[in-house]
Amino acid sequence: MTKPSPQAIFQVDHAHLIHPLHHPSDHQEPLLFVEGKGAILRDIEGREYLDGLACLWNVNVGHGREELANAASEQMRRLAYASAYVGFTNEPAIRLAERLLKLAYPNLSGVYFTTGGAESNETAFKTARYYWKRRGKPNKTKIISRHHAYHGVTLAAMSATGIPAYHKMFEPRVPGFFHIPPSYPYRLPGSMAEALEEAILREDPETVAAFIAEPVIGAGGVIPPTPDYFPRIREICDRYQVLFIADEVITGFGRTGRWFSLEHWGVQPDILTFAKGVTSAYLPLGGMMVSREIHQAILEAPPAERYMHAATYSAHPTCCAVALRNLEILEQEGLIEHAARMGERLIAGLQTLRDLPIVGNVRGLGLMCGVELVEDQETKEPAIGLGARVLAEARKRGLVTRIRVGQRGDFPIGDTILLAPPLVITEEQVDRIVEILRESIKACL
Ligand SMILES: Cc1ncc(COP(=O)(O)O)c(C=O)c1O
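Residue numbers 13 to 457, in the working numbering, belong to the letters of the sequence shown in order.
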């Protein structure tokens with residue numbers, strides 16, 4: 013039988029596959045990847061691309077890892093799946109929970125597994141409500157999040173998301189979610205932590221369950237905070253008894269040059285949510301780690317107040333086995349330290365692009381960088397539409413990545429080129445990313 017041509021495959025794609033973020037005009041010339049090795053992806057025509065975003069910020073140990081395929085295969089052959097509902101458990105999940113707690117902040121003591129980031133945040137919101145009900149404060153139910161944040165596709169995670177394009181066609185949002193401006197030094201002066209205090213007081217502290225934030229905003233434009241931001245956030249949350257949920261779905265597992273990124277500022281969250289890099293995307297897995305206090309509230313609950321949060325694939329043995337092997341690779345190959353070094357090289361290289369008149373701001377932490385495009389460096393007028401053109405030029409030159417699409421209005425941001433390559437990226441590949449971006453931006457001037 014002859015193999016179908018790429019065009020024939022694309023026709024079936026157009027006919028039947030609904031993509032995440034779907035508009036037919038975006039799929040006219042899709043890239044069909046068939047192979048990967050390290051930081052390189054190869055398409056069906058045999059062309060190679062540097063993977064500038066580790067696919068979706070998640071292929072931390074790089075493509076083509078046989079060790080992870082073997083870990084999955086061994087576990088699947090023995091026991092692919094078993095329920096972890098009450099009365100049942102499995103060894104990979106137990107070992108992974110123990111391992112994760114050794115890597116994360118010392119105040120955390122319990123782990124709940126999910127299958128992705130949105131479900132982890134959803135779990136965190138429900139757990140915050142659960143905790144306050146157990147503590148006799150049933151009115152503490154509201155969630156405060158930030159403009160430009162991205163927290164996932166489910167209704168509550170979407171409601172916490174602060175990018176209007178994700179709400180528009182799915183309104184109304186879940187009630188009880190409120191947004192504050194983030195720390196965004198390029199466009200908002202000061203640390204902006206006080207915005208949280210104002211929002212808590214405005215809403216009434218007795219009604220606010222939690223504040224959620226990505227330590228470095230990711231899909232919203234790679235926006236690291238000022239150094240004093242999270243220490244102040246922690247103080248404010250403590251003052252008003254508001255739980256602090258750190259969404260480390262992108263920033264966990266070495267992305268910022270530390271295992272978890274609040275380490276940069278010496279802060280601990282009450283709940284940490286994770287996904288993506290925990291398995292380097294080889295299988296879907298996510299989860300939540302909770303503080304001792306929250307864990308105790310679950311462990312000491314009377315039967316009538318049990319924690320009823322029943323996800324079929326929670327603690328999936330095969331996903332957990334892959335995660336365990338993935339963590340070993342990150343550790344044994346020193347990839348966290350490597351990410352810190354490559355991140356410094358990448359941001360230093362990107363800073364050299366500021367001589368190009370449409371580059372407004374270059375920012376990042378570890379291997380997570382953003383290049384914000386503007387119409388005018390003085391006025392910072394957001395460039396909108398330019399980012400897509402730069403991406404197209406970069407693709408022609410062998411680099412694939414994504415952009416944060418810019419917006420005007422109350423919370424302006426220019427199109428921002430997002431970069432978060434696999435942590436195994438080499439120095440030469442980092443330099444090549446910078447070179448390609450320079451050529452691509454110049455081609456759009
Ligand atoms: C910070 C953050 N939180 C949550 C999510 C949602 O994760 P998922 O798509 O696995 O549900 C994402 C996805 O990009 C993310 O970047």
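Just so it is clear, CB atoms sit at the ideal spot from N, CA and C, and this is done for glycine as well.
Rounded C-alpha distance that separates residue i from residue j
| i | j | result |
| --- | --- | --- |
| I359 | L431 | 10 Å |
| S95 | I310 | 20 Å |
| I212 | H179 | 23 Å |
| R416 | I262 | 15 Å |
| L347 | D25 | 36 Å |
| P394 | R366 | 15 Å |
| A293 | V446 | 25 Å |
| I248 | I370 | 38 Å |
| L336 | A172 | 30 Å |
| A20 | I56 | 12 Å |
| A404 | Y143 | 48 Å |
| S203 | P197 | 7 Å |
| F286 | T14 | 43 Å |
| H321 | D282 | 19 Å |
| K114 | L108 | 10 Å |
| Y325 | E343 | 27 Å |
| P329 | M88 | 8 Å |
| T126 | R185 | 23 Å |
| V254 | P217 | 8 Å |
| P434 | H276 | 21 Å |
| E215 | A207 | 12 Å |
| R267 | P227 | 11 Å |
| V383 | L362 | 8 Å |
| P314 | A221 | 21 Å |
| R199 | G397 | 20 Å |
| G233 | G399 | 12 Å |
| M380 | G264 | 11 Å |
Cβ-based burial, residue i [other Cβ within 10 Å; buried from 16]
| i | result |
| --- | --- |
| Y97 | exposed |
| N151 | exposed |
| I30 | exposed |
| L91 | exposed |
| H35 | exposed |
| S157 | buried |
| M300 | buried |
| P187 | exposed |
| T413 | buried |
| Q441 | buried |
| I81 | Going by the sequence as given, residue 81 is Ala instead of Ile. It counts as exposed. |
| P223 | In the sequence on display, residue 223 carries Phe and not Pro. Counting Cβ neighbours within 10 Å, F223 comes out buried, since at least 16 surround it. |
| L377 | buried |
| R270 | buried |
| F100 | exposed |
| H28 | exposed |
| A84 | buried |
| D427 | buried |
| A177 | exposed |
| K288 | buried |
| T364 | exposed |
| H75 | buried |
| R141 | buried |
| K118 | Sequence inspection shows Pro at residue 118; the Lys mentioned does not correspond to that position. Counting Cβ neighbours within 10 Å, P118 comes out exposed, since fewer than 16 surround it. |
| S37 | exposed |
| P104 | buried |
| S17 | exposed |
Endpoints, the beta strand (DSSP E) within which residue i is located
| i | result |
| --- | --- |
| L200 | From DSSP, L200 is part of no beta strand (DSSP E); its letter is neither H nor E. |
| F125 | L120 to T126 |
| D63 | E60 to D63 |
| K454 | Segment E439 to C456 is the alpha helix (DSSP H) holding K454; no beta strand (DSSP E) there. |
| K154 | K154 to R158 |
Span of the alpha helix (DSSP H), counted from its first residue to its last, around residue i
| i | result |
| --- | --- |
| W27 | Before going on, a small fix: residue 27 reads as Ala here, not Trp. That run of the alpha helix (DSSP H) goes P18 to H28. |
| G129 | G129 to R146 |
| A109 | E103 to L115 |
| A222 | Element bounds for A222: not the alpha helix (DSSP H) but the beta strand (DSSP E), V220 to A225. |
| K149 | Run containing K149: none; DSSP gives neither H nor E here. |
| L212 | Here residue 212 turns out to be Ile, not Leu, going by the sequence shown. It spans E206 to E215 - the alpha helix (DSSP H) in which I212 sits, taken as one unbroken run. |
Please give the ranges of any beta strand (DSSP E) in the segment 363 to 429, keeping only runs that are unbroken, at least 3 residues long and fully inside the region.
371 to 376, 381 to 385 and 414 to 416
Within the segment 276 to 334, note down every full beta strand (DSSP E) run reaching 3 residues or more, in order along the chain.
283 to 286 and 298 to 303
List in chain order: all unbroken beta strand (DSSP E) runs of 3+ residues lying wholly within the segment 170 to 200.
189 to 192
At 4 residues or longer, what runs of the alpha helix (DSSP H) sit wholly inside the segment 33 to 96?
66 to 69 and 78 to 91
At which residue ranges does the segment 238 to 279 contain complete beta strand (DSSP E) runs of 3 or more residues, listed in the order of the chain?
255 to 259
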